[in-house]
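Asks: Heads up, the sequence shown is in UniProt numbering, so the first residue is 1 and it goes up one at a time.
Positions of the beta carbon are idealized from the N, C-alpha and C atoms, including for glycine.
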Amino acid sequence: MAGGNGMQLFWVQLAMLILCLVFTGLRVYVRAFMARAFSADDWIIVLAMLIFITSTCISMRGATAGAMGNIQGHYSPEKLMASLKGIYLCEVLYPPLSLTIRVSVCLFLLRIVTKKMHRWIIYILLAVVSTASIGLLLVTILQCIPPSFFWNQMKPGAEGYCIDQRMVTSVAFVHGSASALSAWVVGLLPVIILWNVRMNRRAKLTVTALLGMSIFAGIILIVRMTTLTRREFMSKDFFAATMKTALWSMIEPSVGIIAASLPTLRPLFKKLSPTISRANKISTSMHGGTNNRSRVLKLKPHWLELTTRDPHDEELGILDTEGKKRASVTWREISMWNTCIERGNEDQTPPPGGIHIQTAIVVTSTSRGAAV
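Pasting the structure below:
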């Protein structure tokens with residue numbers, strides 16, 4: 001088994017894997033079964049999740065093998081070779097994992113943005129991140145010729161060569177900078193788009209969470225880049241330094257997957273909210289009194305004007321947008337429906353332990369044209 005540092009890495013990765021599985025599973029459920037609108041961004045985040053599972057399992061195996069987080073000389077050449085092979089595979093999987101997460105988020109934003117300038121920002125962002133990710137992937141795969149020499153170089157008489165690791169680190173810096181920039185832009189863009197839009201509380205919390213997690217992901221990328229400068233290949237503390245890089249390399253995509261899935265869960269939160277609220281009200285009404293006296297619900301009149309809503313805006317939590325008019329204003333010939341809900345004339349005391357609700361509903365129709 002691994003030492004303490006290796007097991008710490010193992011448990012952190014296991015926790016991140018479980019969280020990502022939960023959020024991705026909820027996203028698939030909402031998009032496929034509740035909304036019945038499984039789109040390209042959903043398929044891509046599923047692909048990202050599969051890559052993440054593969055990378056995490058390899059990294060967890062390396063953590064338990066005993067080389068990660070410890071001094072090189074304490075382990076046999078076989079374990080060192082196994083750890084080097086795991087490091088190589090995780091480095092190869094990181095660029096496509098990072099790319100798929102950002103492509104999924106950008107495709108999601110393209111479904112809600114309308115202004116041409118915002119769409120061009122997303123397109124440019126996709127081009128920059130794709131170029132940086134493909135470049136890092138090629139350099140990582142070809143850093144040793146043949147690739148197996150990366151982990152077989154510990155064997156006596158192994159043939160092959162590796163490029164200067166400073167070149168790999170430089171390309172990784174470019175990729176990390178592009179990824180951090182994209183994370184911050186992706187977090188700020190919804191705020192800019194929805195700045196003048198009236199949203200309900202749940203929608204505001206969703207946008208705020210997306211912004212916060214995107215900024216956090218960008219900070220993690222910067223922290224990860226600082227760990228790359230401290231790795232000297234096959235030095236005495238190579239595996240200890242690599243463990244820090246592996247840790248942040250797992251946390252960053254975890255935050256990205258959760259941030260990408262969070263906005264798609266609004267229909268689920270919306271469905272659960274009335275149920276939780278109703279349960280709380282029932283619990284309060286049954287246990288709120290100390291002398292078990294019956295309580296009569298008093299309902300005040302509330303007048304509601306029914307208007308048309310855009311289903312897409314309803315999904316995003318947009319109550320009213322600039323440039324959209326209410327149906328009763330746009331179409332003056334349509335009648336305006338008013339609803340009044342108020343308490344009955346007589347208060348009836350419910351039986352002991354029971355709840356009695358008396359409601360009177362009055363619906364009136366007044367022509368808008370007649371009122372003008």
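Output the distance between the C-alpha atoms of W303 and L268, rounded to the nearest integer angstrom.
Replies: Summary for W303: the model assigns pLDDT 49, below 50, so the residue's position carries little reliability; its value from the coordinates is reported in the next sentence. Distance between the alpha carbons of W303 and L268 is about 29 Å.
Asks: Spell out the partners DSSP gives I145 in its beta bridges.
Replies: Y161
Asks: Just to confirm the assignment, what range does the alpha helix (DSSP H) spanning L262 have?
Replies: Per DSSP, L262 belongs to no alpha helix (DSSP H) and is neither H nor E.
Asks: Out of F23, L194, I87, which has the shortest C-alpha to C-alpha gap to V255?
Replies: F23
Asks: Are there three or more Cβ pairs, one per stretch, closer than 8 Å when the stretch 124 to 137 is compared with the stretch 99 to 107?
Replies: Pairwise C-beta distances place the stretch 124 to 137 in contact with the stretch 99 to 107, as three or more of them are shorter than 8 Å.
Asks: For V113, does the three-state DSSP call read helix, strand or coil?
Replies: coil
Asks: Using only the alpha-carbon positions, how far apart do K115 and P253 sit?
Replies: Taken atom to atom, the span from the alpha-carbon of K115 to that of P253 is near 29 Å.
Asks: Straight-line CA distance for M60 to M250?
Replies: 11 Å
Asks: Give me, in chain order, the residues of the same chain whose beta-carbon lies closer than 8 Å to that of F149; leave out the 5 immediate sequence neighbours on both sides.
Replies: A158, E159, G160, Y161, C162
Asks: Should F52 be labelled buried (16 or more other beta-carbon atoms within 10 Å of its own) or exposed?
Replies: buried
Asks: Please confirm whether A82 and L9 have their CB atoms less than 8 Å apart.
Replies: No; because the gap between Cβ atoms is not below 8 Å, this pair is not in contact.
Asks: What three-state label does DSSP hand R153 in the structure shown?
Replies: With the sequence shown as reference, residue 153 is identified as Gln, and Arg is not the correct amino acid for it. Correct three-state label for Q153: coil.
Asks: Would DSSP call L228 helix, strand or coil?
Replies: helix
Asks: Determine, using beta carbons only, whether V103 and L137 come nearer to each other than 8 Å.
Replies: no
Asks: Report the rounded CA-to-CA distance for L17 versus T54, giving the unit in angstroms.
Replies: Just so you know, the alpha carbons of L17 and T54 end up roughly 10 Å apart.
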